[in-house]
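Structure record follows, encoded as structure tokens.
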């Protein structure tokens with residue numbers, strides 16, 4: 001068995017998005033090749049509702065899937081068909097924007113808002129054909145696997161023989177891992193997978209590499225990944241998918257493969273023809 005070593009470490013930068021939400025942008029346009037197919041990772045962590053109250057009003061997306069994980073707090077999703085759903089502590093929401101969707105995400109005032117949003121790229125063949133859909137991954141759908149000193153929560157994908165929610169276009173294993181101080185877990189990640197982790201709370205040693213809180217790491221080839229908390233409890237998000245190795249043309253909320261496709265998308269936003277298919281609502 002070969003340990004997947006850390007090949008890239010990234011600390012986010014403070015940014016403002018939406019209608020004025022303060023967040024930390026970890027992955028972005030400069031990391032698309034290294035972290036392929038993971039496009040963007042935004043982290044939010046605040047005890048002041050003024051940091052996020054304005055939220056993300058109705059806006060378009062095309063060519064991606066967004067997976068928003070709320071470790072603490074609450075967020076309300078609405079889409080262009082009037083779907084409305086709320087996710088709260090330990091839950092997630094999965095939006096397939098596909099050929100074109102409008103949605104809003106409005107964080108609710110709580111003692112602490114803590115979580116991340118991940119953008120997962122769509123294959124070129126699906127960007128203009130995948131119908132938009134929404135699925136709320138609620139606590140009753142997330143299986144938990146205790147181990148000595150911690151718990152692994154299966155947000156999406158597979159863990160061993162267990163299966164959680166899975167999108168239709170790219171496989172994504174998404175684990176929410178809680179560790180007591182100095183506790184550790186070894187994950188089997190065989191095959192040609194693109195693997196990353198994010199230290200949401202506390203630092204950790206990942207495959208022998210010490211990683212500070214709120215940092216992302218990319219892991220190289222191999223079969224296993226080890227994650228060990230430092231002197232404090234840790235919460236680590238683990239994500240595994242497959243590389244697309246396709247060109248990325250990205251501007252704002254649209255991610256396509258060519259500049260011409262981007263121009264077409266923004267032209268359709270101007271003339272009102274952006275939404276190609278009705279959204280599929282997969283329930284809360």
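Numbering (UniProt numbering), first residue to last: 1 to 284.
C-beta: ideal position from N, C-alpha, C; glycine also.
Cβ separation of residue i and residue j, assumed to be a contact under 8 Å, to the nearest whole Å
i, j, result
"residue 92", "residue 155", "5 Å"
"residue 250", "residue 54", "Rounded, the Cβ-Cβ distance is 24 Å, inconsistent with contact."
"residue 26", "residue 46", "In fact, because the Cβ distance is near 16 Å, the residues do not count as touching under 8 Å."
"residue 16", "residue 215", "About 21 Å; that fails the 8 Å criterion."
"residue 95", "residue 138", "That pair is no contact at about 15 Å."
"residue 23", "residue 64", "With 8 Å as the limit, residue 23 and residue 64 do not qualify as a contact, their Cβ atoms being about 17 Å apart."
Delimiting residues of the alpha helix (DSSP H) encompassing residue i
i, result
"residue 124", "124–127"
"residue 259", "259–271"
"residue 34", "32–35"
Buried/exposed call for residue i, threshold 16 Cβ in 10 Å
i, result
"residue 127", "buried"
"residue 33", "exposed"
"residue 75", "buried"
"residue 105", "buried"
"residue 2", "exposed"
"residue 38", "buried"
"residue 69", "buried"
"residue 120", "buried"
"residue 245", "exposed"
"residue 83", "buried"
"residue 192", "exposed"
"residue 252", "exposed"
"residue 263", "exposed"
"residue 79", "buried"
"residue 147", "exposed"
Where residue i sits in the DSSP three-state scheme
i, result
"residue 150", "strand"
"residue 143", "strand"
"residue 246", "coil"
"residue 190", "coil"
"residue 111", "coil"
"residue 50", "helix"
"residue 182", "coil"
Cβ shell of residue i (< 7 Å), same chain only, five flanking positions each side left out
i, result
"residue 190", "223"
"residue 202", "213, 229, 230, 232, 233, 234 and 235"
"residue 35", "27, 196 and 218"
"residue 143", "154, 162 and 164"
"residue 171", "157, 241 and 242"
"residue 7", "218, 219 and 220"
"residue 289", "It is not possible to answer for residue 289, since the shown part of the chain is limited to 1 through 284."
N- and C-terminal bounds of the beta strand (DSSP E) containing residue i
i, result
"residue 78", "74–79"
"residue 14", "13–17"
"residue 57", "56–61"
"residue 2", "That residue, residue 2, is in no beta strand (DSSP E); it is neither H nor E in DSSP."
"residue 25", "21–27"
"residue 238", "234–241"
"residue 133", "133–137"
"residue 229", "224–229"
Cutoff 6 Å; reference residue i; Cβ partners in own chain excluding five residues on either side
i, result
"residue 72", "89, 112 and 114"
"residue 58", "102 and 104"
"residue 152", "145, 175 and 177"
"residue 186", "224 and 226"
"residue 286", "In the structure as shown, the chain starts at 1 and stops at 284, and residue 286 therefore has no counterpart that could be examined."
"residue 267", "none"
"residue 199", "211, 213, 215 and 236"
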